[in-house]
Amino acid sequence: MGERKAVTRQLTRRYQTPFQRTCADPTVDVCDKSRLHGHYLTLNPAAVRREIHAVTDALATEVTKTFSVKPYRRLSAAGIPHEATTPPTRAS
14 MGERKAVTRQ
24 LTRRYQTPFQ
34 RTCADPTVDV
44 CDKSRLHGHY
54 LTLNPAAVRR
64 EIHAVTDALA
74 TEVTKTFSVK
84 PYRRLSAAGI
94 PHEATTPPTR
104 AS
């Protein structure tokens, strides 16, 4: 699964990628391996990373847009609009 390498007192592990494990698996058909290898050669890791970040940023924007909290607005000196200016009196 992985390779262990002892450097000084620290143990370093290198794991294979899923693509490498698939290519090393004898149960996978050769035709599938060659098709997968052709697709693997077209991938650009930097472009894939940029695309992932763009999609996650768009998702975060969408989530925060729906659950945004409205800011607190302080009351003005005039008070709440359409509020009675005189306190209610008791009818006797």
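Take 14 as the starting number for the sequence shown in my numbering and just add one per residue.
Glycine is no exception: its CB is placed at the ideal position from the N, C-alpha and C atoms.
Note that the structure is a prediction, hence the values are computed from the model and not measured.
DSSP three-state assignment for residue i, whether helix, strand or coil
i      : result
Leu49  : helix
Arg34  : helix
Leu72  : helix
Leu24  : strand
Val133 : The question about residue 133 has no answer, for the chain in this structure spans 14 to 105.
Thr40  : coil
Leu54  : helix
CB contact check: residue i to chain D, cutoff 8 Å
i     : result
Arg48 : Within the model displayed, chain D is absent; a lone protein chain is all it includes.
Distance CB(residue i)-CB(residue j) smaller than 8 Å
i     : j     : result
Thr35 : Val41 : yes
Phe32 : Leu54 : no
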